[in-house]
Structure formats: structure tokens, C-alpha cells
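Engineer: Residue numbers (the working numbering): 235 to 660. Here it is, the structure, as C-alpha cells.
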Ligand code: LMR
Ligand code: MN
């Protein structure tokens, strides 16, 4: 029969043991089930291996125990060694659960052999190849992802999901922007198909902006917004709470952060001193947002938590920040940002609309400019301003010396207390 487990024992005693174990599993008696089936006499029984994996899996879930979960995954993988004797249906059932648990555990590379089994059994199903690609990308192995992608595109040259991922890899890992655009455009042609996702519109638009093909970029942003992928053509963050008020620049008086801004402005000289004294600790910006120049930052808080030891070096700064609970924003940072003269930060957007970004200007602001959406402003030493960095923004330092600012991300005022507690950190 198609759906039976292979290797059913011939002795009725052992078949009965398996039935009892099945019953124990149903009743939630994971321990007895596990002990009953983990015996040498049942080593060749797929049903025994399944019951072993299930009992460990369900126990791990109930006890939230990662050691049990790892044992469950090993047990599933052990069962999958019998893959050639498993029916299609059983193979799919076991493989899907194994992959699900591996992903939950966060060890994406371990899913590879399971996907390989599925690809071998179902060579005409492109989804398994694409899922393997995503698994490699999650594990930060764009090189391995690209090998799968090349293979997939050789067999399915028009598969939109593979085209889109290949475009993504070309852009973000190989910096081959022209080629990336070709693949992403093909993937999103006619705004239809399985690759019709916000992040691919985002990357296509971003690649076009970097290439200076601004008209084409705007067209992509317009389409992305029309499809509901972006809040608007100009506000292109991907992690959003949709109902929040959207405006590029926020007058401080129209936010609940007047006190924070005043406190910071009052202590700007001390904050400047702290920012300068820690210069040896600054790190170069690594997101590739600079077109030219040099830009470095010192994080004080990341995702609402102090970076260990930093506040000891910047006590006045941290005291001012700590006085405003909304500045412990899990979707942002508090940091010093130092920009050398001659720097141009190209047009880009932040990841989320859940924060507003307060700047306190500290030094060398002459000849520096920031554009947020369609309005350019300048910093003034000792003064704050607030903008929403989910809108497209761009920075120039055409002056002299190194411009220093303190950046304080605060929760968007429209978020409820529950949302501030519960939104996943970014
Ligand atoms: C940005 O958020 O990209 C910039 O405003 C940062 C900076 O240092 O000006
Ligand atoms: Mn930015």
C-alpha cells in the first residue's frame, strides 16, 4: 500500500509494541513512546523511527527545549536515510517537517541534504530548488545560492522566483548592478507572477538609483507603491505599521519629544566632548551607502539596548537618552555619526516606518546638506531636527572638517505601548 511505512517488523510482538507507542504518542506520553521504539529490534522499522522523531519533536515543543529539538532533527534525518523506500507522500511529510524544524532552530545549512532528496525525487518541481536557494541566502551563503540558481535557470530560464533571487545576489553580493537590473526586471515584468514581492521592487529601484537611472527607478517605485509594496513611491521601508502618520520632516513641537530635544540641545557641548573623546572606537559604515568619502559611527544603543560599556564613555549623552523611554527604540539605534568632508551618501531609505530619527548637530556643519524626500535642510551646531528615515534621504558634506552628529531614534508617536513592546526588533 502506498502510504505504509516500510520495514514493518514481521513478529506480531513488535508490531504490537509499535501500536502501543503510537497510542502513547497520541496521549502525549512522549517519554514512554520514545523508550519503546528506541530499541535495536526496531532499527529497520520506518514507523519506529517516525514515532521516535515525533515523540522528541513534540516533547521539544512542549518543553521549549533545544537539545530535544536537535535530537528530533537527527531522528528525522535518520528516518530520511530510508528515503528510497518511502512513498512520495511519506517522504514529503517527513522532509517538510524536518526542514521546518531545522529552520526554526536557525541552522539553515542543515536543510541542504533534505532539499537535495526532494529535488532528486521530484526533479520537475522548481519550488524545492528555489527553497534551497533561500535557505542558502538565510545562511549568508550567496555563493552556494548562486550555484543552485544557475542550475535552476538553466532548466527554467523564465522562472520568476529564480530570476529575482539571481538579480538580488548579483546586486547585493557581487555588486553587478547592470546585470542585476536585467534579471530583476524580467522577474517583475508585467507586475505579475510569483516574484511580485516588496523586496524585489525595492532592490530593482535601488540598483537603478545607484546606476543613476533615476527615471526608471521612479517608475519602479511608482509601480511598487501602486501594488501596495511601499507606503508611497518615496517611503519605501519594508517593515511597516501601515496606519502611522507619514511625513518626511517632523517639527519637534509636533512630536512628544520636545523635552528630549531641549535636554540634548542644552548639553550639546558635553555631548560633543564625549563623542570626540571616543573617536578611536568609531566603525566605518558598512552598508555601502556611500558614493564617495568616509563615514563612521559609534553605536551607544542598538535595538533599544546599550552596547556594553558605551555609556561609561558617554555618560551625559546616555543620561539624556535614558530620560526619554521612547528613545530605547528596538527598531533603531542611538549613535554618533562622523562624516568627513567630501562625502556623499546616496539616496536610500531606512528599514521601517516605526521610528523617527532625531539629529543633534555637534560640529562642522558648514557646507553639509540633508535631503529628505523633496526638502533639503542643513544642520546647525547645538540644534536638533527630526525626520522620518523611511523616506528617501541623501546627505552631502561639501564643507571642511569632520561633521559630527548624535542620532537618536525614537518610536513613532502613533505606536501604542503594546506595539512598542511587541514589534520584533530591527
Ligand atoms: C542617515 O540617516 O542616513 C544620515 O542622516 C546619517 C548621517 O550621519 O547624516
Ligand atoms: Mn539613512
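Yeah, the Cβ is synthetic: ideal placement off N, Cα and C, and Gly gets one too.
Does the ligand MN have a heavy atom nearer than 7 angstroms to the CB of residue 533?
Structural biologist: no
Engineer: What residue from 341, 418, 322, 332 has the CA that sits closest to residue 290's CA?
Structural biologist: 332
Engineer: So is residue 273 buried or exposed if we call it buried at 16+ other beta carbons inside 10 Å?
Structural biologist: exposed
Engineer: According to the Cβ coordinates, are residue 602 and residue 630 closer than 8 angstroms?
Structural biologist: yes
Engineer: How big is the Cα-Cα spacing for residue 542 and residue 582?
Structural biologist: 29 angstroms
Engineer: Leaving out five residues on either side along the sequence, give the residues of the same chain with a beta carbon under 6 angstroms from the beta carbon of residue 235.
Structural biologist: No answer about residue 235 holds up, because its pLDDT of 47 lies below 50 and its placement is not dependable.
Engineer: Thinking C-beta only, is residue 319 closer than 8 angstroms to residue 240?
Structural biologist: Yes; because the gap between Cβ atoms is below 8 angstroms, this pair is in contact.
Engineer: Let me know if residue 622 comes out buried or exposed under the rule of 16 or more other beta-carbons within 10 Å of its beta-carbon.
Structural biologist: Counting Cβ neighbours within 10 Å, residue 622 comes out buried, since at least 16 surround it.
Engineer: Can you tell which of 513, 544, 374 has its C-alpha closest to the C-alpha of residue 529?
Structural biologist: 513
Engineer: Which complete alpha helix (DSSP H) runs does the region 330-380 hold, if anything under 4 residues is left out?
Structural biologist: 346-355, 360-372
Engineer: If you measure from the CB of residue 229, is any heavy atom of the ligand MN nearer than 7 angstroms?
Structural biologist: Past the boundaries of the shown model lies residue 229; the chain is included only from 235 to 660, so the question cannot be answered.
Engineer: Quick check: the Cα distance between residue 442 and residue 435, rounded to an integer number of angstroms?
Structural biologist: Distance from the CA atom of residue 442 to the CA atom of residue 435, rounded to whole angstroms, is 11 angstroms.
Engineer: If you draw a straight line from the alpha carbon of residue 575 to that of residue 597, how long is it in whole angstroms?
Structural biologist: 12 angstroms
Engineer: Could you give the distance in angstroms between the alpha-carbon of residue 478 and the alpha-carbon of residue 468?
Structural biologist: 15 angstroms
Engineer: Does the separation of the CB atoms of residue 531 and residue 643 fall below 8 angstroms?
Structural biologist: Cβ atoms of residue 531 and residue 643: not closer than 8 angstroms.
Engineer: With 16 other CB atoms within 10 Å as the buried threshold, where does residue 651 fall?
Structural biologist: exposed
Engineer: How should residue 338 be labelled, buried or exposed, when 16 other C-beta atoms within 10 angstroms of its C-beta is the threshold for buried?
Structural biologist: Here residue 338 is exposed: its Cβ has fewer than 16 other Cβ atoms, across all protein chains shown, within 10 Å.
Engineer: Whether or not the region 605-618 and the region 555-565 are in contact is what I'm after, with contact meaning three or more pairs of Cβ atoms, one per stretch, closer than 8 angstroms; do they touch?
Structural biologist: no
Engineer: Looking only at C-alpha atoms, which of 259, 584, 399 sits nearest to residue 628?
Structural biologist: 584
Engineer: Out of curiosity, what's the CA-to-CA distance linking residue 511 and residue 535?
Structural biologist: 18 angstroms
Engineer: Identify the continuous alpha helix (DSSP H) that holds residue 521 and give its terminal residues.
Structural biologist: Careful: residue 521 lies outside any alpha helix (DSSP H) and carries neither H nor E.
Engineer: Whole angstroms are fine: how far does the CA of residue 314 sit from the CA of residue 254?
Structural biologist: Looking at the two C-alpha atoms, the distance is approximately 23 angstroms.
Engineer: Any heavy atom of the ligand LMR closer than 7 angstroms to the Cβ of residue 573?
Structural biologist: yes
Engineer: Any idea if residue 471 is buried or exposed, counting beta-carbon neighbours within 10 angstroms, 16 or more meaning buried?
Structural biologist: buried
Engineer: Between residue 541 and the ligand LMR, is there a pair consisting of the residue's CB and a ligand heavy atom that are separated by less than 7 angstroms?
Structural biologist: For the ligand LMR, no non-hydrogen atom lies closer than 7 angstroms to the CB of residue 541.
Engineer: Residues in the same chain with beta-carbon distance under 8 angstroms from residue 664, minus the five sequence neighbours each way, listed in chain order, please.
Structural biologist: Residue coverage of the chain in this structure runs from 235 to 660, which leaves residue 664 outside it and unanswerable.
Engineer: What span of residues does the alpha helix (DSSP H) with residue 419 cover, start to end?
Structural biologist: 411-421
Engineer: Under three-state DSSP, which class holds residue 487?
Structural biologist: The answer is helix: DSSP assigns residue 487 an H, G or I state.
Engineer: Leaving out five residues before and five after residue 464 in sequence, what residues of the same chain have Cβ atoms less than 6 angstroms from its Cβ?
Structural biologist: 458, 470
Engineer: Under three-state DSSP, which class holds residue 390?
Structural biologist: coil
Engineer: Using the Cβ count rule (16 or more neighbours within 10 Å means buried), how would you classify residue 246?
Structural biologist: exposed
Engineer: In angstroms, rounded to a whole number, what distance separates the CA positions of residue 294 and residue 305?
Structural biologist: Distance between the alpha carbons of residue 294 and residue 305 is about 9 angstroms.
Engineer: Using the C-alpha atoms, what's the distance from residue 474 back to residue 400?
Structural biologist: 26 angstroms
Engineer: For residue 277, which of 428, 545, 243 has the nearest alpha-carbon?
Structural biologist: 243
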